[in-house]
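>
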């Protein structure tokens, strides 16, 4: 259905697909709340001036204009116009500054909302999609321990989503200070440029990146080689990370008595702490991977990307990092660390690659049959009693032949059909209330004031279709 | 906070306020699902041509343009541009037509989403707000019983929302056929015009409406008087409705042998059925009120507005009706009936007039204290155990003095503070795990593998502040 979206880049789900997405969102929210994050929602629009701050993404903005402004839209500078937010980080930084007096810091917030990107839609890219973010924002300072706790919350989320068919996820962490210190130690100065090119490694390969480092960032062949050697370093514990890094420093003559090295070792210490602390709680869930660069220039320390076993095509499904300077207010500074999941892409994977589907299309566990339109209020009364006790119930659209009513339940996946008491033409025909499980064929006498569905049929849930069977 | 929104018309809530909104949305969704409605979400944008179909609202549209299009936006006709949806009905009609082959009819759907109106914001009017809609859409035909069942679902919703401080709600129903037949019987022909003017009754009063009927709709004084007499008719059962209507027909010489009267009696029969059937299930919840007109021209039968006891300033909080021709596809017709709640306005009322507030700001029931940064992983481990058993837990931001850690819990309304085992300096000082309810002062030994919070503190909930006390 995303494939068949009538407007390219704007996915829309069928009710059965939306049921999966809804339960994914419920699950993600549950994990966020269990971890004590506060939910907020921000308006869909921001001032153009806020959206344009982040240079790299300016091309992706949708600007708004009221119908009355058509023809004179360009009279207003883009900075003064409203645009749709393209992420949840820019709105968060504004929200924190505007409401700083009313918030408790460190401010831990979750936010699940749609974002929009006004780009030319490419294969698998959405112009509208749901993002699920957590961030912790400090007032003035922010303890480092959040840099390991937040990726671990996202690991918990990804673990919960395995029930929806997602593969195991691994967070790959790096640290901007480590990379910057190393590059400076090599004698490079265009740090943002180097990060931008290294970020392309997975897409264009080492050879092309080497060329770009030389052509665009003023690197010589040996410096470029060093950048790639650093990017090649991975480790799942702090001591092997340190060892690998020191080996590189030695090989490329990076002197310990330099500011560059001091900066790098700050980043190294944080990164080593992250992998070691994470390993205590979830061994193997977070590794150091020094090719992680992240294109966005507001990160100042830790950066994260998350990859799925056996689904490299999906790329990073959860990314983020630490930003010390995103939000400021006069002399006040609000450093933060946060990660973001692109939920729509995950849901698309669950539906189209993992075989996730709802146990039933309708939330109703019961369809109450209707013998004739005159007695519809009897059927409505039964449904009302069931709902009072938390059992979702629908009532048959029409007093059609029973077979047709059962087909309606079947189409919607409603497991039970309820038959109201039927006086019948003769005493022998008269029956009390009965309920039939149309999946098992089992039929029994029942009282709508006390009957309960079997646990497995009580709630709509999500199942993974056995591809071999299907 | 809505008052203090930094952008007029775009409300944003503080975390404590959002907690109320979130639980309102959860509650509304629960009622929709209990009644067997399927949840969908539609994209935020529609083609300009779809949005402009409904003439009356064209002024309220926000159009989109990509940043690259700035300066040349007007080259594209408005019909071919994208705009943000201003309701959930236009998207539904498109969705049904596009997906008709994959849906089960009658299609019962709920949808809770933001909508946008590009109007000049007036007092209390939002440019961005959350709407909660239910509709039933048939394929070809749609049984009349939905015209009483849908308003009753909304009555259930409003009943549930009384826990959030909302007053009792009453649905006021009318029928377009009844009004149109009556107006035609009087000899009037500009039916849309008359409906539009009668719709203004609450705002500008009978005298002004009379003037407008004469000036704008070609009515003479007696015809205008008759329109107002009809609008004055209310009834809470079918027979007194019939009696009142027949009295008016007699007084204004509306002949039974006319097409106009036949049309009116069709509407009368439906409206009488609605109030009588609704009274069986929820006496007094739905009344006939013949001044209900609804400005929108796509309604073809029943129309509804919902008013709150003691809150006339809020106007109608839930409106809708039957539309036989909103969605068509070639010769196919998809008649529907639906109602829509403007949730943001209700939440605003709850927060600012009814004193609704969350039992705590944080979803966490427990804050785990941290003795020193070295033992933070012990505190993290305790929190992880609690979360595993569904108990939301936060961990103290820093190993500050205990008083400061407790203040952090207090600010967020977290009821319990957990003290990890403390080896102490001497054997007498050493203590096992303990948990303290900081609201009651009660402190006890506890084991994070088995301890449960008191039920009243288990989940974040919404309370109504006693205004007298406050």
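Residue numbers (the working numbering), protein chains in the order written: chain A, 1 to 470; chain B, 1001 to 1470. C-beta atoms are modelled at their ideal positions from N, C-alpha and C, and glycine is treated no differently.
Taking the straight line between their C-alpha atoms, what separation do you get for residue 147 of chain A and residue 1108 of chain B?
45 Å
> Report the three-state DSSP secondary structure of residue 220 of chain A (helix, strand or coil).
coil
> Could you check whether the Cβ of residue 1042 of chain B sits closer than 9 Å to any Cβ belonging to chain A?
By this cut-off, residue 1042 of chain B is an interface position.
> Please specify which runs of the alpha helix (DSSP H), each continuous and at least 4 residues long, are wholly inside the region 13 to 44 of chain A, giving them in chain order.
15 to 34
> Pairing CB atoms from the region 1019 to 1035 of chain B with CB atoms from the region 1062 to 1069 of chain B, are three or more of them under 8 Å?
no
> Can you look up residue 370 of chain A in the DSSP assignment and give me helix, strand or coil?
coil
> For residue 4 of chain A, count the other beta carbons within 10 Å of its own beta carbon; 16 or more makes it buried, fewer makes it exposed. Which is it?
Its pLDDT being 47, under 50, residue 4 of chain A is placed unreliably by the model, and nothing is read from it.
> Check whether chain B comes within 9 Å of residue 14 of chain A, counting only Cβ atoms and requiring the distance to be less than that.
yes
> Taking only the alpha-carbon atoms, compute the straight-line gap between residue 1265 of chain B and residue 1185 of chain B and give it to the nearest angstrom.
Going from the Cα of residue 1265 of chain B to the Cα of residue 1185 of chain B covers about 12 Å.
> Identify whether residue 1063 of chain B lies in helix, strand or coil by the three-state DSSP scheme.
strand
> If we count the other Cβ atoms within 10 Å of its Cβ and call it buried at 16 or more, is residue 174 of chain A buried or exposed?
With a threshold of 16 other beta carbon atoms within 10 Å, residue 174 of chain A meets it and is buried.
> Does the beta-carbon distance from residue 1334 of chain B to residue 1140 of chain B come in below 9 Å?
yes
> To which residues of the same chain is residue 81 of chain A closer than 6 Å at the C-beta, ignoring the five residues directly before and after it?
48, 63
> Please decide whether residue 1416 of chain B counts as near chain A, where near means a Cβ-Cβ distance under 9 Å.
no
> If we cut at 9 Å on Cβ distances, does residue 99 of chain A have a partner in chain B?
yes
> On the three-pair Cβ rule with 8 Å, is the region 342 to 354 of chain A touching the region 160 to 167 of chain A?
yes
> Output needed in chain order: residues of the region 1058 to 1088 of chain B with a Cβ under 9 Å from some Cβ in chain A.
1058, 1059, 1060, 1061, 1062, 1063, 1064, 1065, 1066, 1067, 1068, 1069, 1070, 1071, 1072, 1073, 1074, 1078, 1081, 1082, 1083, 1084
> In three-state terms, what does DSSP make of residue 1459 of chain B?
coil
> Please decide whether residue 1390 of chain B counts as near chain A, where near means a Cβ-Cβ distance under 9 Å.
yes
> Confirm the yes/no value for this check: CB of residue 1338 of chain B, any heavy atom of the ligand GTP, distance under 8 Å.
No copy of the ligand GTP occurs in the structure displayed, which carries no ligand at all.
> Run down chain A in chain order and give the residues with a C-beta less than 8 Å from the C-beta of residue 1473 of chain B.
With chain B represented from 1001 up to 1470, any question about residue 1473 of chain B goes unanswered, as that position is not in the structure.
> Would you list the residues sitting across from residue 1130 of chain B in a DSSP beta bridge?
Note: residue 1130 of chain B sits in a beta bridge opposite B:1114.
> Just by C-beta distance, which residues in the region 150 to 171 of chain A are closer than 7 Å to chain B?
none
> Distance, Cα to Cα, residue 1325 of chain B vs residue 79 of chain A?
43 Å
> What residues are listed by DSSP as bridge partners for residue 1260 of chain B?
Answer by DSSP bridge pairing: none, since residue 1260 of chain B is not bridged.
> At 7 Å on the CB atoms, spell out the chain A contacts of residue 1145 of chain B, in chain order.
376
> So, residue 1349 of chain B versus residue 1171 of chain B, is the Cβ gap smaller than 9 Å?
no
> Count the other CB atoms within 10 Å of the CB of residue 291 of chain A; is the residue buried (16 or more) or exposed (fewer)?
buried
> Mind checking who residue 1333 of chain B pairs with in its DSSP beta bridge?
B:1328
> Quick one: which unbroken alpha helix (DSSP H) runs of 4-plus residues sit fully inside the region 1120 to 1189 of chain B? Chain order, please.
DSSP runs (the alpha helix (DSSP H)) wholly in the region 1120 to 1189 of chain B: 1146 to 1160, 1176 to 1186.
> With residue 405 of chain A as the anchor, note down where its alpha helix (DSSP H) starts and where it stops.
402 to 412
> Cα separation between residue 1016 of chain B and residue 367 of chain A?
39 Å
> Quick one: residues in its chain with C-beta nearer than 6 Å to the C-beta of residue 1383 of chain B, no 5 flanking neighbours on either side, listed in chain order?
1368, 1393, 1395
> Mind the definition here: the region 80 to 99 of chain A touches the region 16 to 25 of chain A only if three or more C-beta pairs lie below 8 Å; say whether that holds.
no
> Just the C-alpha distance for residue 129 of chain A and residue 118 of chain A, rounded to the nearest angstrom, thanks.
12 Å
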